[in-house]
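Here the sequence shown is numbered in our numbering, starting from -12 and rising by one per residue.
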Amino acid sequence: MPQRRLYNLPLFVVKKSYSDRNIRRIMKNKKRLLFVVEAMGGGVYTYILELANELVNKYEMYIAYAVRPQTPFDYKNQFDKRIHLIEVNNFTRSISLNKDLKTLFEIKKIANHINPDIIHLHSSKAGVIGRWAFNGKKIALFYTPHGYSFLMSNYGFAKRNIFKFIERISVRKSCTVISCSEGEHRETLQLTKNATYVNNGIDIDEMRELIGKIKYKPNSSFTVFTLGRICYQKNPKLFNEVAKALPDIKFVWIGDGELRDELNSSNIEITGWIDRNEALSKAMSANVFVLTSLWEGLPMSLLEAMYMRKLCIVSDVIGNHDVIKSNDNGYVCNTKKDFVEAILFAKMNETEKLKDKAYMQILNQYNTKCMAEHYERIYSKKLEK
């Protein structure tokens, strides 16, 4: 959780040596940064929360967003109090010409009121609407897809091609696309060369604090877990097949969702939606983290599992295979057989070197401080032009 600030001011200015005039000068000199976010749930929510709470020390932060069913009920309390949260009433996940046009004018109105120096669009829907809304404006404009819609296999071939066409015609010379993994960046380069990438990261200070407070003990039996919404993207069908093939091993799905009925193997526990501390306690008690996803951006749950020193066994998709390399810091799998063999190997053999390698990568690369510093450099470079 973000630190509480005295009088909603940064800790470094709450000192007797600073006059009110100095405080106002410091706040005035900050550039204004506006995030526009449609997908305010799941991993994107965690990403926005942790990045914004880091960047607010350097920028005057505004977030225009839509509430989703997965948005935490207490989300406003999780953001640093200096961040301005503005709900966009017309944002919808599905395509609706009427609501999408209303959203376009709504976010233009918000931006005109804020007069930001930088606008950063997050998720495909915000990216399309935002690039049309701010086309031709003299403003530093950025877009992060968090997983392109045209890569999502739950859509048919024709619909994915429509999504790709929409992305292609929405490309703007003035907008830099910042992918959240190297794999997503390679897909972006097929659409535009005005692109770069910044790897996702987690707040290791928060993780250290939370893990230090929770109570847990290792499960008496070897346990495999995953975390997230039980939906088509996360491939619960494969998770269930792997569990059925390993009846002597306990499997835990931390989360809930519309496809929970697909998890019918007798050795699977579904926790339902539980709070952060309980979820971490369940995760820390397990041995192996599994991710059977059909597609990803760069999953926060994977990065957190790496920090917790859990052996990570993941599907061979963008995001997953950008971070995990087989026999180096985990295992990448293509089939049910691959997952079963990797889990059995982890049960029977020592894997500390792989887990330690993954942990060190989080400390040195996949964390919010590195991520925020990288974004600051990209923002500053464009502002200088």
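All residues carry an ideal CB built from backbone N, CA and C; glycine is no exception. Model, not experiment: these values are computed from the prediction.
If one requires a minimum length of 3 residues, the beta strand (DSSP E) runs lying completely within the stretch 274 to 321 are 275 to 278, 298 to 302 and 318 to 320, in chain order. In the DSSP assignment, Y46 forms a beta bridge with K18. If you ignore the 5 residues before and after I236, its C-beta comes within less than 8 Å of the C-beta of S208, F209, T210, V211, A230, N254, I330 and K334, all in its own chain and listed in chain order. Each residue's CA atom was taken as its position, placing I191 and N85 some 42 Å apart. In the DSSP assignment, the residues bridged to Y130 are L108 and V164. Annotation: the stretch 151 to 206 contains the following complete segments of the alpha helix (DSSP H) (minimum length 4 residues), in chain order: 169 to 175 and 191 to 200. Under the three-state reduction of DSSP output, G242 falls in the strand class.
The beta carbons of K342 and K297 sit about 7 Å from each other, so the pair counts as a contact at 8 Å.
Taking S136 as the centre and dropping the five residues before and after it, the same chain places the C-beta of S111 and F150 closer than 6 Å to its C-beta, in chain order.
Contact annotation: Y353 and I94 have beta-carbon atoms that are not nearer than 8 Å.
The beta carbons of K369 and T131 sit no closer together than 8 Å. Spatial neighbours of N148 in its own chain (CB-CB distance under 8 Å, excluding positions within 5 residues in sequence) are listed in chain order as F137. In this structure, I126 and P103 form a Cβ contact; the two beta carbons are roughly 7 Å apart against a cut-off of 8 Å.
For V54, the beta-bridge partners assigned by DSSP are M27.
Taking C-alpha positions only, E265 is separated from S288 by approximately 15 Å. Under the 8 Å Cβ criterion, the stretch 173 to 188 counts as touching the stretch 357 to 367, having at least three qualifying pairs.
Setting aside the 5 residues that flank it on each side, E283 is surrounded in the same chain by G134, V304, I305, G306 and N307, each with a C-beta closer than 7 Å to its C-beta; the list follows chain order. In this structure, V75 and A51 form a Cβ contact; the two beta carbons are roughly 5 Å apart against a cut-off of 8 Å. Put simply, of H172, S140 and E228 the residue whose alpha carbon is nearest the alpha carbon of Q220 is S140.
As computed with DSSP, I73 is found in a beta bridge with A51.
8 Å or more divides the Cβ of N274 from the Cβ of L250. In the structure shown, G114 falls within a helical segment according to DSSP collapsed to helix, strand and coil.
Rounded to the nearest angstrom, the gap between the Cα atoms of P234 and L246 is 21 Å. Contact annotation, V24 with H109: C-beta distance approximately 4 Å; criterion of less than 8 Å satisfied. Counting every other CB atom within 10 Å of its CB across the protein chains shown gives H100 a total below 16, marking it as exposed.
Taking C-alpha positions only, R80 is separated from Q177 by approximately 25 Å. The three-state reading of DSSP puts F212 in strand, counting E and B together.
In terms of CA proximity to N77, L91 leads the group G317, L197 and L91. Between the beta-carbon of L278 and that of S302 there is about 6 Å, and that keeps the pair under the 8 Å contact cut.
The beta carbons of G259 and G29 sit no closer together than 8 Å.
Taking C-alpha positions only, F326 is separated from C320 by approximately 6 Å.
Shown here, E337 sits in coil according to DSSP, grouped into three states, outside any helix or strand. Within the same chain, Cβ atoms closer than 8 Å to the Cβ of G123 are found at S161, the five residues on either side in sequence being excluded.
Distance check between K202 and each of G244, T213, S272 and R173 places S272 closest, using alpha-carbon atoms only. If the five residues before and after C357 are omitted, its C-beta is found closer than 6 Å to the C-beta atoms of G188, all from its own chain and listed in chain order. Under the criterion of beta carbons closer than 8 Å, D309 and E169 qualify as touching, at roughly 5 Å.
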